[in-house]
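Residue 263 in our numbering sits at position 246 of the sequence shown, with consecutive numbering throughout.
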Amino acid sequence: MKASRIRKIVWVVVALLVGWSLSPVARADDPATPRFRTVNAAPGLPNADVYVGNTLYFSSVKYGQVSNYAPVDPGGRSLEVRPAGIVDKDPNSVLTKVDWTFNSDEQPDNDYTMIIVGSPENNETPLVIRDDNRTPLTPGETRVRFVHVSRDAPALQACLDHECRTLVYPKESRFGESQYLTLEARTYKLAVRLIGTDELYMDVLPLKLQAGEVYTVFVLAPPKGQVRPLIVVTADTGQPAKGYDPVPIGYGDYPMDGGGPAPMYPPVTGALLSPTAWLILMSSLSLLVLGLGATVWVVRRRFVKS
């Protein structure tokens, strides 16, 4: 085999690898590619593993934790919640599950949040809500919403300065979600009040809302040993999502920076979910095969000449 032919083979393999590597990137940039994340809002449940079909997406999500977003293929999917570390397929190991269609004709939104709710005695079907992270914002504006998932808290009113939204928590719907507020990007006083009164239910640190960012304020059930709800604030278009426990006002600015733009492939459990990881693996194997082939060819030529 001539050296020129080997070079041609090498270039063909490289071209195939480049084309293969770019295909998942194109899919990720496609606005039709949905993403989803999970929130553990079920006090008393063990740390949770979240599966999409038989693929582990999020590992050991503890109470009050919000995962990063991860890309998922459009279409119908089974989302399962299992105790952390349980890998068998025994149906009894599934704490709860929900079937969801990502990017259906009726619900074409591209980002979703799955909320794990319930208790050890009552494993309820997870909630899935749609996230508006991709609608363009005017420069200098930000967007925020409130989600009430605390069964132990009464109907509440959440306020950013004088902009308030009522968060009724009817048992029939199992959660209360406000519409998104579009606001000027600046620092706001976040407070939660009881409905129909001026009584402060709880104060939270001043909340700095960055321009171009989208936020969700989750009101979760009190952690074990506490009486007040857990407030978790996430920057939804930044990675990673960030949450903070309620702290009395007066301790400085809210430490929220948004984390920058979301990576093309957010870190999720299982490296094999990442096309980048596949690219590195396949490229390494291809180079190894080429190297071995070239070595064998050189050795054979020398052997034949001798």
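Note that the Cβ used here is the ideal one computed from N, Cα and C, for glycine as well. Keep in mind it's a predicted model, so treat the numbers as computed, not measured.
**Asked** Taking three-plus beta-carbon pairs below 8 Å as touching, is the segment 247-255 in contact with the segment 225-238?
**Response** Yes, the segment 247-255 is in contact with the segment 225-238.
**Asked** If you drop the 5 nearest sequence neighbours on each side, which residues of the same chain put their C-beta closer than 8 Å to that of residue 159?
**Response** As a position in the sequence shown, residue 159 is number 142, starting the count at 1. Only 199, 200, 201, 202, 226, 227, 228, 229, 230, 231, 232 meet the Cβ criterion.
**Request:** Determine the contact status of residue 131 and residue 50, defining contact as a CB-CB distance below 8 Å.
**Result:** If you number the sequence shown from 1, residue 131 lands on position 114. If you number the sequence shown from 1, residue 50 lands on position 33. Against a cut-off of 8 Å, the Cβ pair of residue 50 and residue 131 comes out as no contact.
**Prompt:** On the three-state DSSP scale, how would you describe residue 275?
**Reply:** Along the sequence shown, read from residue 1 onward, the residue named residue 275 stands at position 258. Any reading at residue 275 needs caution, since the residue's pLDDT is 29, under 50, leaving its predicted position unreliable; the model's value is listed next. Residue 275 falls in the coil class under three-state DSSP.
**Asked** Shortest alpha-carbon distance to residue 240 belongs to which of 71, 79, 70?
**Response** To locate residue 240, count along the sequence shown from 1; it is residue 223. Considering only alpha carbons, the answer is 79.
**Request:** Taking the CB atoms as reference points, tell me whether residue 339 and residue 77 lie closer together than 8 Å.
**Result:** Limits of the chain in this structure are 18 at one end and 323 at the other, which puts residue 339 out of reach.
**Request:** Go ahead and pull the three-state DSSP assignment for residue 211.
**Result:** Taking the sequence shown and counting its residues from 1, one reaches residue 211 at position 194. Looking at residue 211 - three-state DSSP - the assignment turns out to be strand.
**Neighbourhood of residue 141 by C-beta, 6 Å cutoff - its chain only, sequence neighbours within 5 removed** = The residue labelled residue 141 in the question sits at position 124 within the sequence shown. Cβ within range, chain order: 134, 135.
**Request:** Would you identify the three-state DSSP class for residue 312, choosing helix, strand or coil?
**Result:** Counting from 1 along the sequence shown, the entry for residue 312 is found at position 295. It is helical.
**Asked** Taking residue 129 as the reference, which of 147, 117, 116 has the closest Cα?
**Response** Translated into positions along the sequence shown, residue 129 becomes position 112. Of 147, 117, 116, the residue nearest in Cα terms is 147.
**Request:** Figure out for me which residue from 94, 127, 102 has the closest Cα to the Cα of residue 342.
**Result:** This structure cannot settle anything about residue 342, because the visible part of the chain is limited to 18 through 323.
**Nearest to residue 73 (by Cα), restricted to the options 60, 83, 92, 100** = Against the sequence shown, residue 73 aligns to sequence position 56. Ranking the options by Cα distance to residue 73, first place goes to 100.
**Asked** Apart from the five residues just before and just after residue 178, which ones in its own chain have a Cβ nearer than 8 Å to its Cβ?
**Response** Along the sequence shown, read from residue 1 onward, the residue named residue 178 stands at position 161. Excluding sequence neighbours, residue 178 sits near 205, 206.
**Asked** Run through DSSP, which three-state label would residue 110 get?
**Response** Position 93 of the sequence shown holds residue 110. In the structure shown, residue 110 sits in a helix (DSSP, three-state: H, G or I).
**Message:** On a Cα-Cα basis, can you pick out the residue from 176, 97, 70, 71 that is closest to residue 57?
**Reply:** By one-based count along the sequence shown, residue 57 stands at place 40. Cα-wise, what sits closest to residue 57 is 97.
**Prompt:** Ordered along the chain, which non-local residues of its own chain (more than five positions away) have a Cβ less than 6 Å from that of residue 182?
**Reply:** Locating residue 182 in the sequence shown gives position 165, where the first residue counts as 1. Counting only Cβ-Cβ distances below 6 Å, and skipping sequence neighbours, we find 163, 175, 195.
**Request:** Within the same chain, show all residues whose beta-carbon is closer than 7 Å to that of residue 253, passing over the 5 residues directly before and after it, in chain order.
**Result:** Working through the sequence shown from its first residue, we reach residue 253 at position 236. Around residue 253: 148, 150, 231, 232, 233.
**Request:** Please go through the same chain and pick out, in chain order, the residues whose beta-carbon is closer than 7 Å to the beta-carbon of residue 157, but skip the five residues on each side of it.
**Result:** What you label residue 157 is simply residue 140 of the sequence shown in a count that begins at 1. So the qualifying residues of the chain are 201, 202, 228.
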